[in-house]
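Student:
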Amino acid sequence: MTKPFDTQIVPATDEHLAKAAAYLKAGEVVGMPTETVYGLAANATDPAAIRKIFIAKGRPQDNPLIVHLAQTEQMADLVREIPKAAKLLADAFWPGPLTIILPKSARIPSETTGGLDTVAIRIPAHPIARALITACGFPLAAPSANLSGSPSPTTAAHVLADMAGRIPIIIDGGASTVGVESTVVMVSDDTVKLLRPGGITVEMLKNILPSVEIDNGVLHAVAEDTVAASPGMKYKHYAPKANVLLIESSIEQFRSYLNQHAKAGDYALVFEGEEQDLPIPALTYGKKEDPDTQAKALFAALRRIDECSARTVYARCPDKEGMGLAVYNRLIRAAGFQVLSLGD
Ligand code: TXA
Ligand code: MG
34 MTKPFDTQIV
44 PATDEHLAKA
54 AAYLKAGEVV
64 GMPTETVYGL
74 AANATDPAAI
84 RKIFIAKGRP
94 QDNPLIVHLA
104 QTEQMADLVR
114 EIPKAAKLLA
124 DAFWPGPLTI
134 ILPKSARIPS
144 ETTGGLDTVA
154 IRIPAHPIAR
164 ALITACGFPL
174 AAPSANLSGS
184 PSPTTAAHVL
194 ADMAGRIPII
204 IDGGASTVGV
214 ESTVVMVSDD
224 TVKLLRPGGI
234 TVEMLKNILP
244 SVEIDNGVLH
254 AVAEDTVAAS
264 PGMKYKHYAP
274 KANVLLIESS
284 IEQFRSYLNQ
294 HAKAGDYALV
304 FEGEEQDLPI
314 PALTYGKKED
324 PDTQAKALFA
334 ALRRIDECSA
344 RTVYARCPDK
354 EGMGLAVYNR
364 LIRAAGFQVL
374 SLGD
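Numbered according to this note's numbering, the sequence shown spans residues 34 to 377.
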């Protein structure tokens with residue numbers, strides 16, 4: 034059992050950044066803002082510190098962490114090679130919400146990579162995250178700062194809700210601007226495989242490397258007996274306690290489905306402006322035509338669903354283009370892959 038902390042949310046002043054860096058240097062875990070979601074940071078090269086991340090999150094040991102750097106140069110002694118395709122993507126999208134999986138060097142302990150021979154690397158764009166990495170002088174491993182299985186946190190208050198007593202300090206950097214996690218890609222000589230859609234869209238990746246492939250686990254459940262390209266794919270994710278059903282339909286069909294099936298205690302998760310004329314209370318997640326706003330609002334909406342003690346949640350389905358693919362990927366997982374297509 035770890036020592037319980039009196040977890041503090043602190044503003045990102047120089048004094049508090051120095052305090053957070055001191056905790057990290059002492060092998061502790063710190064809540065850190067990034068542009069995607071908040072992270073639970075610790076020294077990526079220190080196995081004992083990494084084990085504390087897994088304990089704080091209740092995360093399965095075989096689910097590897099992303100290693101965050103402030104500068105591309107820091108990568109040189111953490112990986113064995115950098116394929117040309119990885120260099121092109123790094124030049125185009127770092128700093129930013131892209132994670133690239135590369136063969137790891139001996140400096141990265143197997144605790145960080147869940148026993149894999151590869152390491153996931155990202156250079157975040159958030160100035161506070163970068164300042165913290167620079168102040169530490171070592172790379173920071175950071176999964177999303179939620180309890181394993183829960184929606185990722187996009188505010189310091191979300192982190193506190195999950196991590197109170199488990200970590201000493203959370204740096205408040207305001208609401209995350211992207212709202213869903215980074216895009217994860219696996220890169221070999223010139224092929225690129227998308228393992229998790231996120232803040233950098235497939236369309237953006239294809240502008241740099243037209244041959245990007247989408248792994249089957251992005252849109253479909255990974256069967257129990259197969260080896261997932263990314264271990265995170267096989268775990269239950271982003272799931273509120275409510276039963277979520279994702280409905281692919283027009284708003285008219287959605288309304289009439291709810292009129293027939295919804296019961297007291299159920300909630301609807303719809304786009305802004307669609308709350309009227311529904312038989313049950315509704316929460317919103319962004320604008321129908323603007324997937325960036327959906328990404329920004331989704332995880333907070335999933336957390337509010339739990340605060341309302343919703344029983345069943347009927348959710349409107351996003352379009353799958355641009356950032357919509359990342360939103361869809363999170364929602365099908367929140368729904369345990371229950372998608373109902375009502376057709377035209
Ligand atoms: O935006 C983000 O990526 C956030 C912020 C804090 O940077 N971090 C984040 O970390 O989402 P996490 O641990 O919640 O998700 C990392 C995902 C997991 O699905 C994990 O399985 C996968 O990346 N991953 C990490 N290392 C990997 C590796 N070596 N090979 C395959 N997948 C890997
Ligand atoms: Mg996560």
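We treat Cβ as the ideally placed atom computed from N, Cα and C, and that holds for glycine.
1) Which class does G357 belong to by DSSP, given the choice of helix, strand or coil?
2) Using the C-alpha atoms, what's the distance from I86 back to V62?
3) Hey, is E214 close to the ligand MG, as in C-beta under 7 Å from one of its heavy atoms?
4) Roughly how many whole angstroms lie between the Cα atoms of G227 and N362?
5) Can you tell me whether Q293 is helix, strand or coil according to DSSP?
6) What do you get for F370, buried or exposed, if any count of 16 or more other CB atoms within 10 angstroms of its CB means buried?
7) Are S263 and R229 touching if we call contact CB-CB under 8 Å?
8) For V211 and P44, what's the separation of their Cα atoms in angstroms?
9) Under the rule that 16 or more other beta-carbon atoms within 10 Å means buried, what is Q327, buried or exposed?
10) Return yes when at least one heavy atom of the ligand MG lies under 7 Å from the C-beta of P176, else no.
11) Going by DSSP, which residues form a beta bridge with Q41?
12) Is the beta carbon of L135 less than 8 Å from the beta carbon of T151?
13) So the alpha helix (DSSP H) V235 belongs to, where does it begin and stop?
14) Mind reading off the beta-carbon distance from V220 to P97? Whole number of angstroms is fine, and I expect it under 8 Å.
15) I need the boundaries of the alpha helix (DSSP H) containing H191, first residue and last residue.
16) Over what stretch of residues does the alpha helix (DSSP H) that includes T326 continue unbroken?
17) Would you say I134 touches the ligand TXA, meaning its beta carbon is less than 7 Å from a heavy atom?
18) What's the C-alpha gap between A343 and K274?
19) Using the DSSP secondary-structure output, state which residues sit across from S374 in a beta bridge.
20) Buried or exposed for D299, please, with buried defined as at least 16 other CB atoms from any protein chain shown within 10 angstroms of its CB.
21) Tell me whether I154 sits in a helix, a strand or coil according to DSSP, three-state version.
22) With DSSP collapsed to three states, give me the class of A54.
23) Is the beta carbon of N96 within less than 7 Å of some heavy atom of the ligand TXA?
24) Run the proximity test for S282: is its beta-carbon closer than 7 Å to any non-hydrogen atom belonging to the ligand MG?
25) Helix, strand or coil, according to DSSP, for I247 in the structure here?
Tutor: In this structure, then:
1) helix
2) 6 Å
3) yes
4) The question names Gly, but residue 227 is Leu in the sequence shown. Rounded to whole angstroms, L227 to N362 spans 12 Å at the Cα level.
5) helix
6) exposed
7) yes
8) 20 Å
9) buried
10) yes
11) I202
12) yes
13) 235 to 241
14) The pair is not a contact, with the Cβ atoms about 16 Å apart (cut-off 8 Å).
15) 189 to 196
16) 324 to 340
17) yes
18) 8 Å
19) E281
20) buried
21) strand
22) helix
23) yes
24) no
25) strand
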